[in-house]
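Under my numbering, think of the first position of the sequence shown as 1, with each following residue one higher.
What follows is a short report on a single structure.
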Amino acid sequence: MSASLLVELFTEELPPKALKRLGEAFRDQIASGLIRAQLMVDRVQRPVRVLATPRRLAVLFPDVLEKSADRVEPRKLMPSKVAYGADGMPTVALTKRLEKEGASTSQLERRFEGNTEYVFLNQILPGVRLAPWLQRVLDDSIAKMPIPKVMSYQLADGITTVHFVRPAHGLVALHGGNVVDVSVLGLKAGRATHGHRFLGASDIELKHADEYEARLKD
Numbered sequence: 001m002s003a004s005l006l007v008e009l010f011t012e013e014l015p016p017k018a019l020k021r022l023g024e025a026f027r028d029q030i031a032s033g034l035i036r037a038q039l040m041v042d043r044v045q046r047p048v049r050v051l052a053t054p055r056r057l058a059v060l061f062p063d064v065l066e067k068s069a070d071r072v073e074p075r076k077l078m079p080s081k082v083a084y085g086a087d088g089m090p091t092v093a094l095t096k097r098l099e100k101e102g103a104s105t106s107q108l109e110r111r112f113e114g115n116t117e118y119v120f121l122n123q124i125l126p127g128v129r130l131a132p133w134l135q136r137v138l139d140d141s142i143a144k145m146p147i148p149k150v151m152s153y154q155l156a157d158g159i160t161t162v163h164f165v166r167p168a169h170g171l172v173a174l175h176g177g178n179v180v181d182v183s184v185l186g187l188k189a190g191r192a193t194h195g196h197r198f199l200g201a202s203d204i205e206l207k208h209a210d211e212y213e214a215r216l217k218d
């Protein structure tokens with residue numbers, strides 16, 4: 001089943017001139033990672049929403065899977081003339097290779113590349129789960145953010161130093177109504193965001209990713 005995925009970094013005041021670029025880069029890096037793992041298609045009926053303000057970078061991704069489908073990936077093993085003898089039976093070379101791969105002849109496919117026929121092994125690759133993959137994508141996204149000037153600051157433990165455009169104080173990662181177990185910049189994901197510091201609610205507990213925009217507006 002698919003559901004909306006919300007990712008929000010709650011920060012101190014971001015540079016106004018860089019805000020649009022930071023929000024779009026945050027969106028593009030995460031979207032690219034989700035598409036690469038086939039957790040989200042690159043063309044969806046509902047567009048990806050960037051919801052950035054001076055104190056938050058947030059993106060809402062529609063129709064994200066909790067686990068991508070298993071897929072078959074062919075891998076070239078050797079030329080057919082090496083894999084099979086004149087009698088059409090597998091050679092020692094092919095037999096040993098299949099033992100090494102833990103595969104059987106039922107997973108083999110023969111096809112030409114140019115004028116040469118090769119033997120391919122059709123491997124079944126298990127689908128990717130959202131939480132561990134999103135962790136990799138977030139780490140990569142933070143590292144590649146187009147930050148005009150990187151800031152270094154210490155976490156609450158007084159020991160760990162992290163680097164970002166401004167100190168970050170909150171992380172939301174919701175897939176539908178479920179918190180995704182990820183962490184970045186020393187922050188563990190939850191479902192609580194924050195309103196305007198003078199005019200809004202200090203804490204806003206989100207039940208579902210899709211209610212994010214309306215709850216902030218209220």
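Cβ coordinates follow ideal geometry from the N, Cα and C atoms, glycine included.
{"Query": "Residues sharing a beta bridge with Gly-170, DSSP", "Result": "Phe-10"}
{"Query": "Alpha carbon of His-163 to alpha carbon of Leu-14, nearest angstrom", "Result": "14 Å"}
{"Query": "At least three beta-carbon pairs within less than 8 Å, the region 111-121 to the region 159-178", "Result": "no"}
{"Query": "Nearest candidate by alpha-carbon position, reference Lys-207, set Ala-25, Gly-200, Ala-192, Gly-127", "Result": "Ala-192"}
{"Query": "Tyr-212 - partner residues in DSSP beta bridges", "Result": "None; Tyr-212 has no bridge partner."}
{"Query": "Where Gly-23 falls: helix, strand or coil (DSSP)", "Result": "helix"}
{"Query": "CA nearest to the CA of Met-1, picked from Val-64, Arg-129, Pro-47", "Result": "Val-64"}
{"Query": "Residue span of the beta strand (DSSP E) that contains Glu-113, given as start and end", "Result": "108-113"}
{"Query": "C-alpha distance - Gly-102 paired with Lys-96, whole-angstrom precision", "Result": "10 Å"}
{"Query": "8 Å CB neighbourhood of Ile-204 in its chain, flanking five on each side removed", "Result": "Ala-192, Thr-193, His-194, Gly-195, Arg-215, Leu-216"}
{"Query": "Stretch-stretch touch, CB-based, cutoff 8 Å, three pairs: the region 141-153 with the region 73-91", "Result": "no"}
{"Query": "Cutoff 6 Å; reference Glu-66; Cβ partners in own chain excluding five residues on either side", "Result": "Leu-130"}
{"Query": "Pairwise C-alpha distance: Phe-61 and Leu-51", "Result": "11 Å"}
{"Query": "Contact under 8 Å by Cβ, Glu-12 with Pro-132", "Result": "no"}
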